[in-house]
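Asker: Okay, handing you the structure first.
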Amino acid sequence: SLSDKNVYDWSSEEEEPDGKARPIQVLVVKEDHTFELDEAALSRILLAEDVRDRDVVAVSAAVDWLGEAEEPLTGFSWRGGSERETTGIQIWSEVFLVDKPDGHKVAVLLMDTQGTFDSQSTLRDSATVFALSTMISSMQVYNISQNVQEDDLQHLQSLRFLVRDWSFPYEFPYGQEGGMTFLEKRL
C-alpha cells in the first residue's frame, strides 16, 4: 500500500515553502550542454528518515497526476505541443513506501525526465539523460506516441532484451539465434 501523504521540510530558496510534495530537479542541463547533479536535493529525498535505510525502487516514467480522485490535479508538469516541458531529471519529493510480499517495505521514487530528442536538446544531451535515467531506474518507460518507428530506436546505442527462465525452447531455442527469431516474429 502507498504511504499517507506527508509534509516535507525543504530548505532551498527555490523550493516552495508550503511543504507539499512536488517535483524536485536533481539533474540540471545547463545552457552550455553540461550536466549538474543537485546533490543536496537528492540527499534530502534519499536521506529522509523513513527512506535512508530502505531498498529503493526508482521508476522513470511520464507521471502526469498524483493524488486521490477528488483532489485537484497535481504532479509532474506536462503539456501538449512540440516544445519540451521538463529538462534534465526530476524526482517526486514524496517517496512512497510499498510493502513487499515478504513484509519488508521498499521506497519507491518516481522520476520524470526530459523528452528524448526534442528540438532544443543536442543528441548528446538526450542520450545522456536517457542513459542516466535508465542506469538508475528499476523500471524505465520509454514513452512513444502511437507507434514505435525505426527512428525512435536509432538513437539508442544498444537495446538488449534479457529473457529469464525461457519456457519454450521447443518453439525458439535458447541463445541469440532463437531470441532474434522470436523478436522478429513479435516485433
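Counting along the sequence shown from 1, when you hit position 86 you're at 75 in my numbering, and nothing is skipped either side. Don't be surprised by glycine CBs; every beta carbon is placed ideally from N, CA and C. As the structure is a computational prediction, the values presented were derived from the model and not from experiment.
(1) Given this structure, state the Cα-to-Cα distance separating Val84 from Val40, to the nearest angstrom.
(2) Indicate the three-state DSSP secondary structure (helix, strand or coil) for Val209 in the structure shown.
(3) Would a C-beta distance cut-off of 8 angstroms place Leu16 and Ala47 closer than the cut-off?
(4) With distances taken Cα to Cα, identify the nearest neighbour of His22 among Thr117, Met100 and Glu160.
(5) In three-state DSSP terms, what is Ser110?
(6) Identify, in the order they occur along the chain, each residue of the same chain with its Cβ nearer than 7 angstroms to the Cβ of Thr76, setting aside the five sequence neighbours on each side.
(7) What does a CB cutoff of less than 8 angstroms around Tyr163 pick up in its chain, not counting 5 residues either side in sequence?
(8) Determine the extent of the beta strand (DSSP E) in which Ser32 is found, giving its start and end residues.
(9) Are the Cβ atoms of Ser49 and Ser122 separated by less than 8 angstroms?
(10) Might you give, ordered along the chain, the residues of its own chain that have their beta carbon closer than 7 angstroms to the beta carbon of Leu86, omitting 5 neighbours on each side?
(11) Rounded to the nearest angstrom, what separates Leu8 and Ser82 at their Cα positions?
(12) May I ask you to list the residues that DSSP assigns as paired with Leu99?
(13) Enumerate in chain order the residues of its own chain whose CB-to-CB distance from Met124 is below 6 angstroms, with the five nearest sequence positions on each side excluded.
(14) Do Ile78 and Ile34 count as a contact pair if the criterion is CB distance below 8 angstroms?
(15) For the beta strand (DSSP E) that contains Phe65, what are its first and last residues?
(16) Apart from the five residues just before and just after Asp114, which ones in its own chain have a Cβ nearer than 7 angstroms to its Cβ?
Answerer: Answer, in terms of the structure:
(1) Reading the sequence shown from its first residue, position 95 is the one you call residue 84. Reading the sequence shown from its first residue, position 51 is the one you call residue 40. Near 8 angstroms, if we compare the C-alpha coordinates of Val40 and Val84.
(2) Coverage of the chain is limited to positions -10 through 176, which leaves residue 209 absent and any answer about it impossible.
(3) For the purposes of this step, residue 16 is taken as the residue at position 27 of the sequence shown. For the purposes of this step, residue 47 is taken as the residue at position 58 of the sequence shown. For Leu16 and Ala47, no; Cβs fall outside 8 angstroms.
(4) In the sequence shown, residue 22 corresponds to position 33, counting from 1. Minimum Cα distance to His22 is reached at Thr117.
(5) The count along the sequence shown starts at 1 and reaches residue 110 at position 121. Ser110 falls in the coil class under three-state DSSP.
(6) As a working note, residue 76 is residue 87 in the sequence shown. Closer than 7 angstroms at the Cβ level, and outside the excluded window around Thr76, lie Val18 and Gln103.
(7) Position 174 of the sequence shown, counting from 1, holds the residue named residue 163. Within the same chain, Cβ atoms closer than 8 angstroms to the Cβ of Tyr163 are found at Trp155, the five residues on either side in sequence being excluded.
(8) Sequence index remark: in the sequence shown, residue 32 carries index 43 (1-based). Looking at the DSSP string, Ser32 is not in any beta strand (DSSP E); the run it does join, the alpha helix (DSSP H), is Glu28 to Leu35.
(9) The residue you call residue 49 lines up with position 60 of the sequence shown. The residue you call residue 122 lines up with position 133 of the sequence shown. Taking 8 angstroms as the Cβ cut-off, Ser49 and Ser122 qualify as a contacting pair.
(10) Here the question's residue 86 lines up with position 97 in the sequence shown. Result list for Leu86: Ser(-8), Asp39, Lys94 and Ala96, in chain order.
(11) Stepping through the sequence shown from its first residue, residue 8 is reached at position 19. Stepping through the sequence shown from its first residue, residue 82 is reached at position 93. First, the amino acid is wrong: residue 8 is Gly here, not Leu. Cα to Cα, Gly8 sits roughly 10 angstroms from Ser82.
(12) Here the question's residue 99 lines up with position 110 in the sequence shown. DSSP, once it has assigned bridges, lists Val48 as partnering Leu99.
(13) Within the sequence shown, residue 124 is the residue found at index 135, counting from 1. Counting only Cβ-Cβ distances below 6 angstroms, and skipping sequence neighbours, we find nothing.
(14) Taking the sequence shown and counting its residues from 1, one reaches residue 34 at position 45. Taking the sequence shown and counting its residues from 1, one reaches residue 78 at position 89. Cβ atoms of Ile34 and Ile78: not closer than 8 angstroms.
(15) As a first step, residue 65 is located in the sequence shown; it is residue number 76 there, counting from the start. Neither: Phe65 is in no beta strand (DSSP E) and is coded neither H nor E.
(16) As a working note, residue 114 is residue 125 in the sequence shown. Around Asp114: Val18 and His22.
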